[in-house]
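> Just dropping this structure here.
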Amino acid sequence: MNLSGKTALVTGAARRVGKAIALELARRGASVVVHFGGSAGEAQETVGEIEALGVSAWAMQSDLRVESEIERLFAAIADQIGDLEVLVNSAASFESEPLVEIGPGAWDEVLALNLRAPFLCIQKAAPLMRAAGGGAVVNISDLSGVRPWKNFAHHGTSKAALIHLTRAAALELAPEIRVNCVVPGAILPPPGIEEAAESWRKRGLRVPLGRTGEPNDVAETVAFLISSDYITGAVLPVDGGEHLAAPRALL
Ligand SMILES: NC(=O)c1ccc[n+]([C@@H]2O[C@H](COP(=O)([O-])OP(=O)(O)OC[C@H]3O[C@@H](n4cnc5c(N)ncnc54)[C@H](OP(=O)(O)O)[C@@H]3O)[C@@H](O)[C@H]2O)c1
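Residue numbers (the numbering used here): 93 to 343.
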């Protein structure tokens, strides 16, 4: 798919990895809906950076844990823009808690944002994409969805299910809509850890390619999957080969 003249919705696009994806799609000619949750100022900055590239951008807020908020987001896209060819499900939480302490409320919150929201966004994007003559979805999973991490049972389960949802949707929405998944490894440190921190540099040394990734490593792969007209249902690690390594606990 040539992105020129197309409209893309990137969830969680105000900052970090989602922002890099939004900017990369804009560099390739797409107009971008910069979805955000709480980062209104950063979303406006991202919109400004996208507009400086010569394409349109809109900042749109929505709490993706709430179905009516997702409906509001898609109603605004339908009213204000009219068409949608690309959806990138990037917004997510990164919650950690011992399995035996995860309450049903915490479990539901994580699954609502990381799994139900991408599902609902795909469901609501599909008619807009079909009306536009076709579309492409990219879901952003996580290595914790490929093999389990301690204290991330809810997060990992949501990201594993997102991989399955990718394949189910790819099968069911073909041939008009392609659905693929990127599985990033260590790209940006979680809140509280600086990128320059020694612990983060050491984290990179455990990766077969010897370093942590960059947001653009993910963004360029997302753009590749959107642009590749004969790829659907693919699950592509962008992790410096980390998925190849045995879990350290088992070595
Ligand atoms: N960073 C990494 O190294 C890494 C590694 C593997 C996988 N990933 C995956 O890549 C994606 C992006 O990663 P990231 O580190 O950039 O993510 P992040 O900073 O943890 O979160 C991305 C965005 O999700 C949005 N969000 C959170 N709760 C929301 C809610 N209730 N409603 C709407 N939006 C909400 C936030 O938007 P606001 O700021 O506007 O509130 C946030 O900016 C995620 O799916 C993540 O799981 C990242």
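Each residue gets a CB set at the ideal place from its N, CA and C atoms; glycine is no exception.
Is the CB-CB distance between Ala245 and Leu191 below 8 Å?
A contact, by the Cβ cut-off of 8 Å.
> Could you check where the beta strand (DSSP E) with Ser160 kicks off and where it finishes?
Looking at the DSSP string, Ser160 is not in any beta strand (DSSP E); the run it does join, the alpha helix (DSSP H), is Glu159 to Gln172.
> Tell me which residues share the same chain as Ala114 and place their Cβ nearer than 7 Å to its Cβ, disregarding the 5 neighbours each side in the sequence.
The answer, listed in chain order, is Val102, Ala105, Val124, Val126, Thr138 and Ile142.
> Output the boundary residues of the beta strand (DSSP E) element that contains Ile232.
Gly227 to Ile232 is the span of the beta strand (DSSP E), which, as asked, contains Ile232.
> Helix, strand or coil, according to DSSP, for Leu328 in the structure here?
Residue state, collapsed to three classes: strand.
> For Arg270, does the count of other Cβ atoms within 10 angstroms reach 16, so buried, or fall short, so exposed?
When all chains shown are included, Arg270 counts as buried.
> Using CA coordinates, which residue listed in Thr99, Gly130 and Ala112 is at the minimum distance from Gly121?
Checked all of Thr99, Gly130 and Ala112; the closest Cα to Gly121 is Thr99.
> Say the cut is 7 Å; is the CB of Arg222 nearer than that to a heavy atom of ligand 1?
Every heavy atom of ligand 1 is 7 Å or more from the Cβ of Arg222, so no.
> Within the region 264 to 336, note down every full beta strand (DSSP E) run reaching 3 residues or more, in order along the chain.
Counting only runs of 3 or more, we get 269 to 276 and 327 to 330.
> List the DSSP bridge partners of Ser123.
Ser123 pairs with Thr99.
> Reducing DSSP to helix, strand and coil, say where Trp150 ends up.
DSSP places Trp150 in strand when its eight states are reduced to three.
> Among the candidates Asn181, Asp200 and Gly133, whose CA atom is the shortest distance from the CA of Leu212?
Taking only the C-alpha atoms, the option nearest Leu212 is Asn181.
> Once the 5 residues before and after Ala261 are set aside, which same chain residues still bring their CB inside 6 Å of it?
Taken in chain order, the residues that qualify are Ile214 and Val271.
> Report the option in Pro267, Asn231 and Ala149 whose CA atom is closest to the CA atom of Ile169.
Measuring from the Cα of Ile169, the nearest candidate turns out to be Ala149.
> Is it a yes or a no for the region 246 to 257 touching the region 295 to 307, going by three-plus beta-carbon pairs under 8 Å?
No, they do not touch.
> Taking the alpha helix (DSSP H) that Leu207 belongs to, which residues open and close that run?
Premise fails: Leu207 is in no alpha helix (DSSP H) and is neither H nor E.
> Excluding the 5 residues flanking Gly226 on each side, which residues of the same chain have their C-beta closer than 6 Å to its C-beta?
Closer than 6 Å at the Cβ level, and outside the excluded window around Gly226, lie Glu268.
> I need the DSSP call for Gly189, collapsed to helix, strand or coil.
The residue asked about is misnamed: residue 189 is Glu in this sequence, not Gly. Three-state result, Glu189: strand.
> Quick check: what's the CA-CA separation for Leu343 versus Ala167?
With a pLDDT of 44 at Leu343, under the threshold of 50, the modelled position of that residue is not reliable, and the figure given next carries that caveat. In a straight line, the C-alpha of Leu343 is about 51 Å away from that of Ala167.
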